[in-house]
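Read through the structure below, which is laid out as C-alpha cells, and then see the notes.
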Amino acid sequence: MELFTRKCVADIPSFCGIKFTHTNLEELQRMNKVDPERLTFFLGCDQLILPGLVCGINSHINTSLSLFPNTLNKICTAYKQGNLETARESQDQLTDVLKQITAYGSWMSSLKPNMKFITGLDFGSVRKPLEPLPPQIVAKLKAHVDTFLAL
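Under this note's numbering, think of the first position of the sequence shown as 8, with each following residue one higher.
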C-alpha cells in the first residue's frame, strides 16, 4: 500500500487520502509518512482507535461511531491529555461491546437493531442473503449495549 500511495500522490493531483480498514498499523504508518501534509488517512478498524492514535492517525471512519460517538471522543481526549489508562479502558470497553454485538450474527444483522434502539432511526431489515436476528437475540443484544452505554 505504501507504493500505491506514492503512485497516487505522483499521478493524481486531487488525491488526498485513504480509508484504511486493515489491522496492519505498520503499513499504515509507512503510508502516513509518504506526504503527511497532503494526505489524510481514515482508520476504519474500530478495535484499533487507540493504537492508531499512537501511530499518528487522528481521523476515523468507524461504523461504531454511529452507535458510540462519545466513546471515540473519550478515547481521543484521554490520549491527547496523556491519560493512557482511561484511553485504554475505553478502547477495551468498545472492543468488548463490539465482540458481544457480533457474537449474535453478522455485523450488518447486528448493526440494524442497534441503530434503532440507540438512535431511534429504523433502517429496516437486512437484505438477503443476510438474515435478521430473531427477537430473543435482539433483546440480548440490547442488554449488552445498554450495559455498555451505562459505563
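Idealized CB from N, CA, C, for every residue including glycine.
- prompt: Is it the case that the Cβ atoms of Thr109 and Ser117 are separated by a distance below 8 angstroms?
  reply: Mapped onto the sequence shown, residue 109 falls at position 102. Mapped onto the sequence shown, residue 117 falls at position 110. The Cβ atoms of Thr109 and Ser117 sit closer than 8 angstroms to each other.
query: Which residue from Phe27, Val41 and Cys62 puts its Cα closest to that of Ala17?
result: Walking along the sequence shown from the start, residue 17 turns up at place 10. Nearest of Phe27, Val41 and Cys62 to Ala17, Cα basis: Val41.
query: Three or more C-beta pairs closer than 8 angstroms, one from the region 70-84 and one from the region 32-47: is that the case here?
result: They do not touch, by the three-pair rule.
message: Could you compute how far the alpha carbon of Gln107 sits from the alpha carbon of Phe155?
response: Position 100 of the sequence shown holds residue 107. Position 148 of the sequence shown holds residue 155. Rounded to whole angstroms, the gap between the alpha carbons of Gln107 and Phe155 is 10 angstroms.
message: Going by beta-carbon coordinates alone, are Thr28 and Cys62 separated by less than 8 angstroms?
response: The count along the sequence shown starts at 1 and reaches residue 28 at position 21. The count along the sequence shown starts at 1 and reaches residue 62 at position 55. Result no, Cβ atoms of Thr28 and Cys62 do not sit closer than 8 angstroms.
query: Opposite Thr47 in the DSSP bridges: which residues?
result: What you label residue 47 is simply residue 40 of the sequence shown in a count that begins at 1. The partner list for Thr47 (beta bridge, DSSP) reads Gly24.
message: Rounded to the nearest angstrom, what separates Gln54 and Leu101 at their Cα positions?
response: Counting from 1 along the sequence shown, the entry for residue 54 is found at position 47. Counting from 1 along the sequence shown, the entry for residue 101 is found at position 94. So the alpha carbons of these two residues sit roughly 7 angstroms apart.
Identity of the residues DSSP links to His67 by a beta bridge: Here the question's residue 67 lines up with position 60 in the sequence shown. DSSP output for His67 lists Leu50 as bridge partner(s).
field: Within 8 angstroms, strictly: CB atoms of Ile64 and Gln98
entry: As a first step, residue 64 must be located in the sequence shown, where it is residue number 57. As a first step, residue 98 must be located in the sequence shown, where it is residue number 91. Result no, Cβ atoms of Ile64 and Gln98 do not sit closer than 8 angstroms.
field: Cβ neighbour criterion (16 or more within 10 Å) applied to Phe75
entry: Taking the sequence shown and counting its residues from 1, the one referred to as residue 75 is at position 68. Buried is the call here.
field: Whole alpha helix (DSSP H) elements within the region 124-157, 4-residue minimum
entry: Runs of the alpha helix (DSSP H) inside the region 124-157: 142-156.
- prompt: Going by the beta-carbon positions, is the gap between His151 and Val104 smaller than 8 angstroms?
  reply: Counted from its first residue, the sequence shown places residue 151 at position 144. Counted from its first residue, the sequence shown places residue 104 at position 97. With a cutoff of 8 angstroms on beta-carbon distance, His151 and Val104 are scored as near each other.
- prompt: Do Lys26 and Phe49 have their C-beta atoms closer together than 8 angstroms?
  reply: In the sequence shown, counting from the first residue as 1, residue 26 sits at position 19. In the sequence shown, counting from the first residue as 1, residue 49 sits at position 42. Result yes, Cβ atoms of Lys26 and Phe49 sit closer than 8 angstroms.
- prompt: Under the three-state reduction of DSSP, which class applies to Ala110: helix, strand or coil?
  reply: Sequence index remark: in the sequence shown, residue 110 carries index 103 (1-based). Here Ala110 sits in coil by DSSP.
message: Quick check on this structure: which residue in Leu91, Pro139 and Lys135 has the alpha carbon closest to the alpha carbon of Tyr111?
response: Against the sequence shown, residue 111 aligns to sequence position 104. Among Leu91, Pro139 and Lys135, the Cα nearest to that of Tyr111 belongs to Pro139.
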